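Counting from 1, position 194 in the sequence shown corresponds to residue 270 in our numbering; the numbering is continuous, with no gaps.
Quick reminder that beta carbons are idealized off the backbone N, C-alpha and C, glycines included.
All values reported here derive from a predicted model rather than from experimental measurement.
Notes follow once the structure below has been shown.
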Amino acid sequence: MNLVIEYYQAAFAHLHERLHERVNQVLLSEPTSIRSKYLTEHLPIGKEISAESAWPVARQLLEVLEAEMAAILRNRSVFFWLHIYRRIGVFLSPSHEDKTDPRTLGLVRQIAELAVSKHGRATDARELVLSTRVNPDLILGGWMRRGVKTQVARQPSKVYRKLAKFLKMRPQLVIRDFSEEDFLGIYRVEGLAYQYWRARRCYGPLAKGLELLSIKMAIGITFRMKG
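Below, the structure written as structure tokens:
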């Protein structure tokens, strides 16, 4: 039996279209706002700051960002988050303020996956199940069915029946318990991981004793050599 889609592809494509604006918010504006708010509350804008003063603020910012990731990740299991993270195609946006090249993407994904491993729950039997032991209409919380119905242009009902039959014949682990909030949650983790990567970049200059020269609207940080 030949199939052109995996069980999750149409669902995730549908959710990307349905939640496009919210994805941009949780990936870009909300994590940026968390970082900006923290820095503007703890460091003066446009004034020279010593490395000794800036170091604990930078460290605390990392803890704030990690706590935000943990609040999302503790709601699901490690296996759940890694399963969707590696299939959903989470990405860095060209609208991110800094680098978005492949190396940066790799570093950000490492941060996100480490956070998943640290803060995700133990495997939950309700989240994942063999495809032979679940009603296909319940896979991905019903989003598999809705995704095929909206994303497949020709004979979507026939394609869905074919996909359901395939999953019954070829057992594989699939997500059963899934919601829009899970979809948005993994994007928010990616956005927070990006801000965590940016904050970590401050560590090198601070460790070398450079002075934190200025923060411009809590977006850009400029360093200069002491003396």
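Cβ pair residue i, residue j closer than 8 Å
i: L204; j: H159; result: yes
i: E106; j: R264; result: yes
i: L268; j: L141; result: yes
i: A87; j: L190; result: no
i: S193; j: P247; result: no
i: L249; j: H195; result: no
i: I262; j: W131; result: no
i: L95; j: E256; result: yes
i: E139; j: A188; result: no
Residue i classed as buried or exposed, judged by whether at least 16 other C-beta atoms fall within 10 angstroms
i: T108; result: buried
i: M293; result: Below a pLDDT of 50, predicted positions are generally treated as unreliable, and M293, at 38, falls in that range; no measurement from the model is reported.
i: D258; result: buried
i: R230; result: exposed
i: R185; result: buried
i: A143; result: exposed
i: G182; result: exposed
i: Y83; result: buried
i: M301; result: With a pLDDT of 41 at M301, under the threshold of 50, the predicted position of this residue should be treated as unreliable, and no value is reported.
i: E93; result: exposed
i: L135; result: Correcting the residue type first, residue 135 is Arg in the shown sequence and not Leu. Under this definition R135 is an exposed residue.
i: G165; result: exposed
i: R152; result: buried
i: P212; result: buried
i: M145; result: buried
Presumed contact (8 Å Cβ cut-off) between residue i and residue j, rounded CB distance
i: H90; j: T226; result: 5 Å
i: L239; j: I110; result: In fact, because the Cβ distance is near 39 Å, the residues do not count as touching under 8 Å.
i: L260; j: V154; result: Not confirmed; about 19 Å, so no contact.
i: R252; j: Y236; result: With a Cβ gap of about 17 Å, R252 and Y236 do not count as contacting.
i: L115; j: L137; result: 7 Å
Per DSSP, the bridge partner or partners of residue i
i: S153; result: R197
List in chain order: all unbroken alpha helix (DSSP H) runs of 4+ residues lying wholly within the region 189-270. 219-227, 232-245
Counting only runs that start and end within the region 131-176, where is the alpha helix (DSSP H) found for 4 or more residues in a row? 154-164
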